[in-house]
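Using this note's numbering, the first residue of the sequence shown is number 15, and each one after it goes up by one. Even for Gly, the Cβ is constructed at its ideal location relative to N, Cα and C. This structure is a prediction, so every number in the text was calculated from the model and none was measured. All remarks here apply to the structure that follows.
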Amino acid sequence: MKGKIVFLDFDGTVGDRNFIPFSASRACRRARANGHILYLATGRSLVQVNPGLVKKMFDGAVYSSGAYIEAAPELRGELRCKWRGGKRELIYTAVMDSALVDRLIGFLDKHGAFYMLELADRVIAGPGFDAYFKALFTGRKWTPALLLEKFFVGMIYRRSLSLNEPMLHRADVLKLVFMIRGGISFEDIQKEFGGECEIVRSSIPITGMSGGEISPKGVHKGAALLKVIARHGIARENSIAIGDSDNDRTMIEAAGIGIAMGNGDEKLKAIADDVTDTLYRNGLAKAFKKYGLV
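Below, the structure written as structure tokens:
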């Protein structure tokens with residue numbers, strides 16, 4: 015199966031936290047060696063992705079669930095494995111309307127929700143966000159799982175956070191991430207703002223809270239997939255998308271073949287063309303083998 019383009023979610027699909035199973039990294043390297051193009055398609059912002067983990071695995075990346083897309087200008091040249099450290103091509107970027115961001119912030123503040131604003135070069139923490147993350151680990155009994163969560167929160171969230179910055183009247187916000195701690199539901203936010211922007215569920219397990227991410231209207235992983243295949247001149251039927259969560263739904267639907275991870279959301283499995291095994295049962299590698307990528 016030659017000339018395919020593959021879009022891969024990160025958390026729960028390629029890796030878990032910042033760890034990538036050997037079977038997954040090997041499958042990605044072999045697929046690229048076989049002539050296929052691989053794109054990371056993550057909800058994380060640009061600064062929340064460790065380039066050392068992915069620079070040898072992908073030809074480009076979709077960040078912030080489709081709001082920022084970049085690629086190596088020479089997919090088969092010497093820059094192939096250096097695209098995050100050297101030259102890169104910005105395929106697409108989209109920012110949220112500043113007035114809408116202001117209204118969202120006012121609504122979330124009123125109801126006591128935590129939130130972050132994702133920008134291209136940093137993530138701005140809302141009031142109390144960083145202090146809340148610190149408090150999560152105070153006075154708790156340490157276990158290997160909790161240590162892993164602390165490392166993840168430190169590396170992916172707190173490391174990238176910018177504190178005490180103005181949050182209103184900004185014209186550079188790619189995405190807003192929120193967490194709910196009572197007094198309001200995801201459905202309330204969907205009802206209030208769903209007609210003006212894209213809202214999908216998400217969560218940070220250690221918090222025990224539900225939440226979501228809010229993007230500009232029409233900006234999601236599915237739309238990003240269509241932009242990328244147009245950039246590379248690849249037919250839609252030659253695209254494959256693999257993911258595990260709600261923010262992967264649009265790219266699973268948009269791809270020629272949409273595959274859900276065995277550890278994924280049940281609703282996502284229901285709309286996928288196929289379901290592979292779980293992350294730690296080599297699900298990604300098994301899907302690559304089944305569809306002739308390796």
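Spell out the partners DSSP gives residue i in its beta bridges.
i, result
"Ile228", "Leu190, Ile213"
"Leu104", "Glu84"
"Gly257", "Ala274"
"Tyr129", "Phe192"
Is residue i buried or exposed, if buried means 16 or more other CB atoms sit within 10 Å of its CB?
i, result
"Asn178", "exposed"
"Pro230", "buried"
"Gly278", "buried"
"Phe143", "buried"
"Gly196", "exposed"
"Glu132", "buried"
For a quick check, are the C-beta atoms of residue i and residue j less than 7 Å apart?
i, j, result
"Gly272", "Asp287", "yes"
"Tyr129", "Gly140", "yes"
"Lys235", "Gly80", "yes"
"Val76", "Ala45", "no"
"Ala192", "Leu114", "Reading off the sequence, residue 192 comes out as Phe, not Ala. No, Cβ-Cβ distance for Phe192 and Leu114 is not below 7 Å."
"Ile83", "Ala249", "no"
"Gly17", "Asn261", "no"
"Arg136", "Val214", "no"
"Ile254", "Ala269", "yes"
"Phe33", "Met265", "no"
"Ile51", "His125", "no"
As a quick exercise: from the options, pick the residue whose alpha carbon is nearest that of residue i.
i, options, result
"Gly232", "Val191, Glu251, Gly209", "Gly209"
"Lys205", "Leu118, Lys283, Asp260, Gln62", "Leu118"
"Arg31", "Ser199, Ile105, Gly57, Ser176", "Gly57"
"Gly226", "Met265, Asp202, Leu282", "Asp202"
"Ala47", "Ile34, Asp73, Pro65", "Asp73"
"Leu175", "Ile198, Ala185, Ile194, Ala145", "Ala145"
"Arg40", "Met71, Phe24, Ile19", "Met71"
Using a Cβ-Cβ cutoff of less than 8 Å, which residues in the same chain neighbour residue i once the five nearest sequence positions on both sides are dropped?
i, result
"Thr290", "Ile256, Ile273, Ala274, Met275, Gly276, Gly297, Leu298, Lys300, Ala301, Lys304"
"Met110", "Val187, Leu188, Lys189, Leu190, Cys211, Ile228, Ser229, Pro230"
"Asp116", "Leu182, His183"
"Ala38", "Val28, Gly29, Leu293, Asn296, Leu298, Ala299"
Between residue i and the rest of its own chain, which residues show a CB-CB distance below 7 Å, the 5 nearest in sequence each way excluded?
i, result
"Lys283", "Ala274, Val289"
"Phe24", "Leu54, Thr56, Arg58"
For residue i, I'd like the list of residues in its chain whose CB is within less than 6 Å of its CB, leaving aside the five on either flank, ordered along the chain.
i, result
"Leu104", "Glu84"
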